[in-house]
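Written out below as structure tokens is the structure these notes cover.
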Amino acid sequence: MRHPKRHLADFVDGELPSGRRRAVENHLARCGPCREIVQAHRGVRDRLQNSEIPRPDADLVGRIMATAHHEPAHTPVDLTDAVGHHSEGARRVSGFAARHRTPMAVTGGLAVVALATLTGAYALGAESEDDVLADTGRNGALMAGWESVAPETPSLLDASELEELRGGGWYCPDLEMMGFTVSSAEAITVAGRPALMMVLEDGADSVTIYEQRKLGSGRQPEASPPINAVTGNSVTADGFERIGGMQRQLWVHPGHSWQVVLDSRSVTYTVISSLPAAEMPAAVNQLVLAEHSQLAPTKPTSHDPLSRILRGLNKLAQPSSGQ
4 MRHPKRHLAD FVDGELPSGR RRAVENHLAR CGPCREIVQA HRGVRDRLQN
54 SEIPRPDADL VGRIMATAHH EPAHTPVDLT DAVGHHSEGA RRVSGFAARH
104 RTPMAVTGGL AVVALATLTG AYALGAESED DVLADTGRNG ALMAGWESVA
154 PETPSLLDAS ELEELRGGGW YCPDLEMMGF TVSSAEAITV AGRPALMMVL
204 EDGADSVTIY EQRKLGSGRQ PEASPPINAV TGNSVTADGF ERIGGMQRQL
254 WVHPGHSWQV VLDSRSVTYT VISSLPAAEM PAAVNQLVLA EHSQLAPTKP
304 TSHDPLSRIL RGLNKLAQPS SGQ
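To convert a position in the sequence shown, counted from 1, into my numbering, add 3.
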């Protein structure tokens, strides 16, 4: 049996069918790495159950539900004409095996909202500590890391270059503990900003995440609407609507519930997914676990990644004073 990473969270929660559960138990009996992942799942689940995260208000839940049903399921989305015109410009040879893009069958806006929210939660939690990205040194590290791996864009990136970006403060989420692997990663420029586009696949579903950093000539006034990385336009120009009830900006398109833009002061995420809406709860749970997998096995402090996620979720769930 191959490493059943995508089933381990369901195993911990007791949600696997009896046959698959027995197979996972047999695998765990002889696989130390998977046992460690199960222990991590249980630890994070216990911490989440004991944390106090406010519920999003009724306006937020209602508008997300309405938006998710705006567009019929299985609408094909072709990303070949996305921002950056990826067929143009010199490309470096990448270490990733897969180097293709396929139209994604879009089946649920709720899962994408969950993905966008959890992907950005770590960043929002970090920002809530002491306005970290107002620090010139941190901005300099982000830009230096970018320029070292992508002096020109567009440019394909390999695994070592992604690690270098992470070391400089980029998040580069890979969702490994959900069973996803990086199909491709590309450095592009969106409206003057450095941006990373990562395509993740698990053999059945795809998630594309754009991470835009508000650095250099692309830095905009705080009041400006965020940029949709797929087109390079502002979200308002593309017809997105802001979801109320949160301190950070979450934008969805009434006709494209598969696409979500999550904006904060220092970073903008655009997330596109083929995950079905029925998998939203599992996606939320495993995205938190995916971030937890980056923790070192040391005593957690108030600044560890999981605490930042919880802090970020808290900020997302709190009603905005401006609403």
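Using N, Cα and C, we set each Cβ at its ideal position, and we do this for glycine too.
It should be emphasised that the depicted structure is a prediction, and the values quoted were computed from it without experimental measurement.
Between the CA atoms of residue j and residue i - distance to the nearest angstrom
i: Glu-18; j: Arg-196; result: 43 Å
i: Ala-285; j: Ser-151; result: Here the model assigns Ala-285 a pLDDT of 47, short of 50, so the residue's position is not dependable and the matter cannot be decided.
i: Leu-203; j: Ala-188; result: 9 Å
i: Val-41; j: Asp-177; result: 19 Å
i: Leu-165; j: Leu-199; result: 10 Å
i: Val-233; j: Ser-21; result: 43 Å
i: Tyr-213; j: Met-201; result: 6 Å
i: Ser-158; j: Val-27; result: 40 Å
i: Thr-211; j: Gly-172; result: 20 Å
i: Thr-156; j: Asp-16; result: 43 Å
i: Gly-175; j: Ala-32; result: Looking at the sequence itself, residue 175 is Cys, so the reference to Gly does not match. So the two alpha carbons sit approximately 33 Å from each other.
i: Pro-229; j: Ser-267; result: 9 Å
i: Gln-262; j: Ser-227; result: 20 Å
i: Leu-253; j: Pro-154; result: 31 Å
i: Leu-11; j: Ala-240; result: 42 Å
i: Ala-194; j: Val-238; result: 12 Å
i: Cys-34; j: Ile-275; result: 34 Å
i: Ser-163; j: Gly-170; result: 11 Å
i: Ala-207; j: Pro-7; result: 15 Å
i: His-88; j: Glu-244; result: Because His-88 carries a pLDDT of 40, less than 50, the predicted location of this residue cannot be relied on, and the following value inherits that uncertainty. Roughly 26 Å separates the two Cα atoms.
i: Gly-143; j: Thr-184; result: 29 Å
i: Leu-218; j: Ile-246; result: 25 Å
Sub-8 Å separation of residue i and residue j beta-carbons
i: Thr-273; j: Asn-231; result: yes
i: Arg-5; j: Asp-205; result: no
i: Leu-145; j: Ala-190; result: no
i: His-30; j: Cys-37; result: yes
i: Leu-168; j: Gly-148; result: yes
i: Phe-14; j: Arg-24; result: yes
i: Gly-242; j: His-256; result: yes
Residues bridged to residue i (per DSSP)
i: Thr-192; result: Pro-197
i: Arg-245; result: Trp-254
i: Thr-184; result: Glu-204
i: Asn-231; result: Asn-236
i: Leu-159; result: Glu-189
For residue i, the first and last residue of its enclosing beta strand (DSSP E)
i: Glu-18; result: Careful: Glu-18 lies outside any beta strand (DSSP E) and carries neither H nor E.
i: Ser-209; result: 209-216
i: Tyr-272; result: 270-276
Residue interval of the alpha helix (DSSP H) (run including residue i)
i: Ser-163; result: 162-170
Whole-Å CB distance - residue i paired with residue j, under 8 Å assumed
i: Val-270; j: Arg-216; result: 6 Å
i: Ser-277; j: Ser-209; result: 5 Å
Residue i Cβ short of 7 Å to the ligand COA heavy atom set
i: Glu-189; result: For the structure depicted, the ligand COA is absent and the ligand set is empty, with no information on it obtainable.
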